[in-house]
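Here's the structure we're looking at; comments come further down.
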Amino acid sequence: MRTRQILCPTDFSETASHALGYAMEMARHYQVGIRLLHVIDKPFGDKHTRVLSVTSEELATRLEGEAAEKMQKLIDDLDTEVKIEVLIRHGHAAKQILDGAKEMNAGMIVMASHGYTGLSHFLHPNVAEAIASGAECPVLVVK
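For the sequence shown, the working numbering assigns the number 82 to the initial residue and increments by one for each residue that follows.
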């Protein structure tokens, strides 16, 4: 952990920004870099059921452009003494985060939990739980 990059998934929420703060502190302490990861879920609709006025490829391209702009704004506001890489992937969030961590041989994953409870917890898939149980490296879940 102490010599490998930290993976920090973000959905650009306030909670994810809070988790990024923890990742930055750890990166400075261990003198490692951070890889910020944003996952774009598959757009709704497919070739058989069009609910969009644009193709799914056009929507994915637009979403990726918006994510890149948000990433740039996010890193512009960060401490420059920590090396930061950005990555945008497409697909199911938990799978892409786990795959990304494995591919980069992450030393740790630092991510936000949305803290759903009760019925909300049941209705929203908990990505943080899936990452914590499936990761091969330590995972810090920040509320």
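Backbone N, C-alpha and C fix where the C-beta goes; we use that ideal spot for every residue, glycine too. Please read these numbers as outputs of a predicted model, since none were measured by experiment.
- request: Name the residue from Leu221, Lys224 and Gly188 whose alpha carbon lies nearest to the alpha carbon of glutamine 112.
  value: With distances taken between Cα atoms, glutamine 112 lies closest to Gly188.
Using a 10 Å radius around the Cβ and a threshold of 16 neighbouring Cβ atoms, would you call alanine 148 buried or exposed? Its Cβ being crowded by 16 or more others within 10 Å, alanine 148 is buried.
Exercise for review: Could you have a look at arginine 83 and say whether DSSP puts it in helix, strand or coil?
Suggested key: Residue state for arginine 83 is assigned as coil, using DSSP reduced to three classes.
- What distance in whole Å lies between the Cβ atoms of arginine 109 and valine 163, which are believed to be in contact at a cut-off of 8 Å? About 6 Å separates the two Cβ atoms, so the contact holds.
query = Should valine 208 and alanine 174 be called a contact, given that it needs their Cβ atoms to be closer than 9 Å?
reply = Less than 9 Å separates the beta-carbon of valine 208 from that of alanine 174.
Secondary structure of leucine 88, DSSP reduced to three states: Three-state DSSP puts leucine 88 in a strand.
Since histidine 99 is in the alpha helix (DSSP H), which residue starts that stretch and which ends it? That run of the alpha helix (DSSP H) goes 95-111.
Beta-carbon gap between leucine 117 and leucine 168 smaller than 9 Å: Yes, these two residues count as a Cβ contact at 9 Å.
Notebook entry, point to check: How big is the Cα-Cα spacing for methionine 105 and lysine 151?
Noted result: If I take the Cα positions, the gap works out to 18 Å.
Following the continuous alpha helix (DSSP H) through valine 250, name the residue where it begins and the one where it ends. Outside the displayed span of the chain (82 to 224) sits residue 250, for which this structure offers no information.
Residue range of the beta strand (DSSP E) that includes alanine 193 | For alanine 193, the uninterrupted beta strand (DSSP E) segment begins and ends at 189-193.
Margin query: Going by beta-carbon coordinates alone, are serine 231 and leucine 155 separated by less than 9 Å?
Written below: Nothing about residue 231 can be reported from this structure: the residues present for the chain run from 82 to 224 only.
| said: Going by the DSSP bridge assignment, what does histidine 171 pair with across the sheet? | reply: According to DSSP, histidine 171 bridges with Ile121.
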